[in-house]
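Participant: I'd like to ask some things about the structure below.
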Amino acid sequence: MSRVLVYWLVLLCLPMGLAAEETEPTADIAVDQAAQQRVQALDKPLYSPFVERYVLDELRQLRTDMGAQKSELIQKIVDRELTAVDRAVTYATDTITYFFYMIAAASSILVVAGWSSIRDIKERVHSLADEEIAKLVHEYEQRLQTIQKQLNQKSKHIQQNREEIELTQELHTLWLRAGQENNPANKIATYDQILKLRNDDCEALTYKADAVLELGEPQWAANLCHQALQLDPDNCHAFYQLGCAYTAMQQFEEAVRYLSEALKRTESYREEMLTDPALRPLDRFEPFKKLLPHEVS
144 MSRVLVYWLV LLCLPMGLAA EETEPTADIA VDQAAQQRVQ ALDKPLYSPF
194 VERYVLDELR QLRTDMGAQK SELIQKIVDR ELTAVDRAVT YATDTITYFF
244 YMIAAASSIL VVAGWSSIRD IKERVHSLAD EEIAKLVHEY EQRLQTIQKQ
294 LNQKSKHIQQ NREEIELTQE LHTLWLRAGQ ENNPANKIAT YDQILKLRND
344 DCEALTYKAD AVLELGEPQW AANLCHQALQ LDPDNCHAFY QLGCAYTAMQ
394 QFEEAVRYLS EALKRTESYR EEMLTDPALR PLDRFEPFKK LLPHEVS
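Shown next as structure tokens:
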């Protein structure tokens with residue numbers, strides 16, 4: 144979502160009194176500052192039907208543009224084929240015409256020189272002409288086959304892009320649905336649908352592990368995180384979820400080890416470690432205090 148779109152959404156959420164004062168420059172500055180403060184204070188995604196509709200419209204427009212590009216590409220290839228065939232026919236016609244001119248001149252010379260078998264000369268000319276035409280036809284058939292192969296490859300590529308767009312659209316819808324779900328079981332079912340469409344989605348595995356932790360299944364969550372790390376060994380969210388899962392299983396040393404791995408890759412989890420209820424059993428664990436020396440009392 145672009146920054147402009149976020150600003151518009153925040154402006155829609157502001158009181159009506161701010162919208163009434165948009166006509167004055169000072170009011171515009173105040174509204175802009177209020178919008179920035181509102182965006183910075185957000186603690187969850189701004190999922191709304193308007194955003195979903197905007198994304199779906201953009202995907203539909205992209206799909207339409209891909210169809211237009213396919214039609215334009217096919218038209219250009221057909222025009223190129225017609226031009227190539229036209230040039231081939233012109234070349235063959237000119238070649239045969241010049242060839243017959245040369246034969247006529249040579250026949251005249253041979254007759255003057257005393258050669259008597261004009262029929263033999265005629266048959267030889269016909270055979271040579273047939274051979275030349277056959278060579279030209281074979282050459283241009285090969286060229287047309289090459290163009291047809293390229294066209295088929297382009298068509299397959301366009302089809303793959305269309306399927307990828309449809310898959311992305313469906314995955315986006317499922318992610319929105321998962322973000323709006325409050326029931327962990329429903330979230331798990333939605334993440335399973337995402338993994339069914341794309342089984343190497345590390346984010347789906349880690350978020351599913353988060354939902355599984357809410358159901359009180361830390362071993363299951365740990366297995367999901369290990370699967371995610373096999374796909375992406377540097378996945379920070381997987382390390383963090385492993386820390387939460389091992390904390391729930393009372394394996395504090397393993398939990399701190401995985402949490403430290405998450406902090407090595409990004410410091411953004413430091414604040415979350417201080418407030419996450421799943422990590423509260425670690426508050427009195429000495430290695431966890433060393434991990435966050437200034438924050439944990």
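Using this note's numbering, you'd call the opening residue of the sequence shown number 144 and step up by one each time. Glycine included, every Cβ here is placed at the ideal spot set by N, Cα and C.
1. Near T166, what residues of its chain come up, given a Cβ to Cβ distance below 8 Å and the 5 sequence neighbours on each side ignored?
2. In whole angstroms, what separates the C-alpha of M416 from that of G359?
3. State the DSSP-derived secondary structure class of Y428, mapped to helix, strand or coil.
4. Closest by CA to K330, which one among Q179, L314, R320?
5. If we ignore side chains and look at the alpha-carbon of each, how far apart do Q296 and P361 end up?
6. What is the residue span of the alpha helix (DSSP H) that R341 lies within?
7. Going by Cα to Cα distance, which pick from H269, W363, L310 is closest to Q336?
8. Contact between the region 194-209 and the region 291-306 is defined here as three or more beta-carbon pairs at a separation below 8 Å; is this criterion met?
9. What residues in its chain sit with their C-beta under 8 Å from that of C368, if we drop five residues either side in the sequence?
10. What are the boundary residues of the alpha helix (DSSP H) that includes P361?
11. For D237, which of helix, strand or coil comes out of DSSP?
12. With H, G and I counted as helix, E and B as strand and the rest as coil, what does DSSP make of E165?
13. Pull up the distance between the alpha-carbon of S403 and that of D343, whole angstroms please.
14. If you follow the alpha helix (DSSP H) that R413 is part of, which residue opens it and which one closes it?
15. Once you ignore the five residues that flank E397 on each side, which residues in its own chain have a CB closer than 7 Å to its CB?
16. Going along the chain, which unbroken runs of the beta strand (DSSP E) with 3 or more residues stay wholly within the region 199-252?
17. Quick one: grab the DSSP three-state call for L422.
18. Starting from Q394, trace the alpha helix (DSSP H) in both directions and tell me its first and last residue.
19. Would you mind working out which of L205, Q218, L406 sits nearest R305, comparing C-alpha positions?
20. According to DSSP, is T409 helix, strand or coil?
21. So what does DSSP say about N329, is it helix, strand or coil?
22. Where does F431 land, buried or exposed, given buried means 16+ other C-beta within 10 angstroms?
23. Which class does L435 belong to by DSSP, given the choice of helix, strand or coil?
24. Taking Cβ to Cβ, would you say L314 is nearer than 8 Å to A421?
25. Identify whether L358 lies in helix, strand or coil by the three-state DSSP scheme.
26. Could you tell me whether the Cβ atoms of R413 and L406 are closer together than 8 Å?
Facilitator: Working from what's here:
1. For T166, the pLDDT reaches just 46, beneath the cut-off of 50, and the residue's location in the model is therefore unreliable, although a value from the coordinates is still provided. Same-chain partners within the cutoff: there are none.
2. 19 Å
3. Residue 428 is actually Phe in this sequence, not Tyr. Coil, per DSSP.
4. R320
5. 48 Å
6. No alpha helix (DSSP H) holds R341; DSSP gives it neither H nor E.
7. L310
8. yes
9. L348, T349, A352, A381, F382, Q384, L385, A388
10. 361-374
11. helix
12. Note that E165 has pLDDT 43, beneath the 50 cutoff, so the model's placement of it is unreliable and the number below is only indicative. Residue state, collapsed to three classes: coil.
13. 25 Å
14. 412-418
15. Y389
16. none
17. helix
18. Run containing Q394: none; DSSP gives neither H nor E here.
19. L205
20. coil
21. helix
22. buried
23. coil
24. no
25. coil
26. yes
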